[in-house]
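One structure below.
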Amino acid sequence: MTNRRPAPYFGQYGKRRPVTGGLEARSQRGSFGRTWWGREFVDIIEFVADKGRMSRGRSYARSGQVISLEIAGGMVTGEVQGSQLQPFVATVSIDRLDEAEVAELVALVRRQPGSLATLAGGGVPEVLGPLLLPAGASALNYDCTCPDDGWPCKHAAAVAYLTTERIDENPLEILTLRGVDLDMLIDGVGGDSSDVDVDDWFGDESQLPDLPDADFRAAIDDLDPLLLRKAIRSVSEDERAVDAAIRELKALYQHFR
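Here this note's numbering is used: the first residue of the sequence shown is 3, the next is one more, and so on.
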């Protein structure tokens, strides 16, 4: 059985110390997460967390108590000013993608040609969500130098909420958190040269497939016959001349098919 340290008596600590120049959340009311991936990230971190600690974490994030925030492979680290003289160091961690998962991600991007452009343009294709976002609350871990062993404590919760805003604003931070980057994906997608003949870069010796057979349909058959007759009548009002002109047009289309 794991020995848990006794719950701290928070009455011995004073109010949080105000911070000047802290990282203040853009969201000052309501829910965090303005994109689909940001909202999903919030849903995951709030799923099994203590509501009171999460509420205090939102308050910390919105009042600028987080002094610094750094996203690196597998971990987000933030300094959060609490009631003590020195700020606490809180972390939110997730496993980096392993080699097999990176290969799966590259293969998925290769099958979705527009996904790289979407990532570079500030979006996350939904098809990549299951690989890039945490699979569930158990995929995340929290730690903090404060005496509260809550999972997460309010300091780690504040870091998690500001992380949501960071990935909202720049989804490439999700790649960083999972241990990959856009250049790695570009190289991976463009690095499959198994079908390329290096001795024939320009394809001079390539065998091209035969052109497909297409059913012929004269353009005149797609025209409105009444409008066509009206157009020809602007040249001649003789109906016999109009009929002759239409026959000649059909013959010309047949000749050049």
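Just so you know, even glycine gets a beta-carbon here, dropped at the ideal spot from N, CA and C. Keep in mind it's a predicted model, so treat the numbers as computed, not measured.
- Following the DSSP letters along the chain, one finds V78 in no alpha helix (DSSP H) but inside the beta strand (DSSP E) bounded by residues M77 to V82.
- Note that the region 51 to 67 does not touch the region 176 to 194; fewer than 3 beta-carbon pairs, one per stretch, sit closer than 8 angstroms.
- Between the region 21 to 32 and the region 116 to 125 there are fewer than three C-beta pairs closer than 8 angstroms, too few to call the two in contact.
- In the DSSP assignment, V94 falls within the beta strand (DSSP E) that extends over F90 to I96.
- DSSP places S70 in the uninterrupted beta strand (DSSP E) bounded by V68 to A74.
- For D145, no alpha helix (DSSP H) segment is defined; the enclosing uninterrupted segment is the beta strand (DSSP E) at L142 to C146.
- In this chain, the alpha helix (DSSP H) harbouring G40 covers W38 to E48.
- In the structure shown, E239 falls within a coil segment according to DSSP collapsed to helix, strand and coil.
- Annotated three-state conformation of D150 is coil, per DSSP.
- The C-alpha of A243 is placed about 14 angstroms away from the C-alpha of K252.
- By the criterion of at least three beta-carbon pairs nearer than 8 angstroms, the region 154 to 161 is in contact with the region 73 to 93.
- DSSP places P227 in the helix class (H, G or I) of the three-state scheme.
- The Cβ atoms of L187 and V126 lie no closer than 8 angstroms to each other.
- Apart from sequence neighbours up to five positions away, the residues of its chain that approach R28 with a beta-carbon distance below 7 angstroms are E167, ordered along the chain.
- Only residues of its own chain outside the window of five on either side were considered, and among them I46, I96 and D97 have a CB closer than 8 angstroms to the CB of A141, listed in chain order.
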